[in-house]
Amino acid sequence: MRCFMFALLTAAQAAAQVPDSGRWQELRFAADDVAQRSEDQFIEQTVALAASGRLDRDRVLLARARRIVQGLVHAATVLKPAAADWPWEVRVTSDPATEAESRAGGKLLLGSAFVARLALDDGELAVLLAHEIAHVIAEHERETLSEALLDSRRDLPLDVVAQRLASDIPLQFRLARLAAIQKREADQLGMLIAHLAGWPSAAMLRFYGKLAADSAPGLIASHPSGDSRISLARGMSRLLAGQRP
Ligand SMILES: [Zn+2]
10 MRCFMFALLT AAQAAAQVPD SGRWQELRFA ADDVAQRSED QFIEQTVALA ASGRLDRDRV
70 LLARARRIVQ GLVHAATVLK PAAADWPWEV RVTSDPATEA ESRAGGKLLL GSAFVARLAL
130 DDGELAVLLA HEIAHVIAEH ERETLSEALL DSRRDLPLDV VAQRLASDIP LQFRLARLAA
190 IQKREADQLG MLIAHLAGWP SAAMLRFYGK LAADSAPGLI ASHPSGDSRI SLARGMSRLL
250 AGQRP
């Protein structure tokens, strides 16, 4: 009986649901371990960017991003209360290769060249940042690492699984379907977060329109096609327009 109870408890800890959509996830690694690893990586990344003079040079954009993220995170915690205690932080880089990135636990990196290229106003920037915050509250990084562990069919430490995920192309291929689900989910959940934070649905349409028209690969290449994102944005903005934030 005790063994049975233990098995039930373990199963309950491994299963979680994405906010709003309710999609079930298998989460095998502890949230704290994944967040700690992400934080270490973020420190390493930002220290390197600072050393090359490419971190937080655009103080105006940094202040804008911080103000917008504050409101978005507040809205996101309505959907995921635990996220209120996460160490949220946004930094800005002039590295032209960076568009926008997020890590488990709430570390965000925004590319100033990308924001300038798309000439994003505050509402459009909020939609971009909300997409990244959606990846975080849906715990996509933790889920991907957990699925990579399940794929290995044996117990492996987090660092080993993370290294495999970064270098094992067949493994990445096996997880491509999950990645596609997560990206579409981040678009949808992100628009809901932006709406809850009070940003107008018109900003969602404008942002995804600009993204589709942007010729440089990046978010376009690694995410759903521009057209499918615009149609999702249209559907979401129609749905959300009828609801009060
Ligand atoms: Zn994304």
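Following the working numbering, the numbering of the sequence shown begins with 10 at its first residue and continues without gaps. Ideal placement from N, C-alpha and C gives every residue a C-beta, glycine not left out.
On a Cα-Cα basis, can you pick out the residue from the options that is closest to residue i?
i, options, result
"Ser-30", "Phe-38, Ser-103, Lys-89 and Ala-44", "Lys-89"
"His-140", "Leu-64, Arg-247, Ala-24 and Arg-238", "Arg-238"
"His-83", "Arg-247, Arg-215 and Ala-206", "Ala-206"
"Arg-75", "Ala-44, Leu-117 and Glu-48", "Leu-117"
"Gln-34", "Arg-186, Arg-247, Ser-155 and Ala-250", "Ser-155"
"Ile-190", "Ala-250, Ile-52 and Pro-233", "Pro-233"
"Arg-68", "Leu-81, Gly-120 and Glu-108", "Gly-120"
"Leu-165", "Phe-38, Ala-60, Ile-146 and Gln-181", "Phe-38"
"Asp-248", "His-204, Phe-51, Val-136 and Phe-216", "Position check: residue 248 holds Leu in this sequence, whereas Asp was assumed. Selected option, being the one with the closest Cα: His-204."
"Val-145", "Gly-199, Asp-177, Pro-179 and Thr-107", "Gly-199"
"Gly-235", "Arg-63, Leu-187, Leu-241 and Ala-221", "Ala-221"
"Gln-45", "Arg-162, Trp-97, Gln-79 and Gly-80", "Trp-97"
"Glu-110", "Leu-137, Pro-28, Leu-129 and Ile-202", "Leu-137"
"Leu-159", "Leu-184, Ser-176, Gly-244 and Glu-108", "Leu-184"
Identify whether residue i lies in helix, strand or coil by the three-state DSSP scheme.
i, result
"Leu-117", "strand"
"Arg-163", "coil"
"Ser-240", "helix"
"Arg-37", "coil"
"Ala-128", "coil"
"Ala-25", "strand"
"Ser-234", "coil"
At which residues does the beta strand (DSSP E) containing residue i begin and terminate?
i, result
"Glu-98", "98-102"
"Ala-109", "109-112"
Here's a check: name, in chain order, each residue in its chain whose Cβ is nearer than 6 Å to the Cβ of residue i, leaving out the five neighbours to either side.
i, result
"Pro-105", "Ala-122"
"Thr-86", "Ala-92 and Ala-93"
"Leu-174", "Ala-157"
"Lys-219", "Leu-127"
"Arg-193", "Pro-233"
"Ala-195", "His-140, Ala-143 and His-144"
"Ala-242", "Met-213, Leu-214 and Tyr-217"
"Trp-95", "Gly-114 and Gly-115"
With respect to the alpha helix (DSSP H) encompassing residue i, which residues constitute its N-terminal and C-terminal limits?
i, result
"Gln-7", "No answer is possible for residue 7: it lies beyond the span of the chain, which begins at 10 and ends at 254."
"Ser-210", "210-222"
"Ala-74", "68-88"
"Ala-185", "185-205"
Within a Cβ cutoff of 7 Å, which residues of the same chain sit near residue i, ignoring the five residues on either side of it in sequence?
i, result
"Asp-65", "Leu-71, Arg-100 and Val-101"
"Glu-150", "Val-43, Ser-47, Arg-112 and Ala-113"
"Leu-36", "Ala-23, Ala-25, Glu-148, Arg-151, Glu-152 and Ser-155"
Leaving aside the five residues before and after residue i along the sequence, list all residues of the same chain whose C-beta is less than 8 Å from its C-beta, in chain order.
i, result
"Gln-50", "Arg-112"
*Quick one: residues with CB closer than 6 Å to any heavy atom of ligand 1, in chain order, please.*
With the cut-off at 6 Å, the residues found are His-140, His-144, Lys-192, Ala-195 and His-232.
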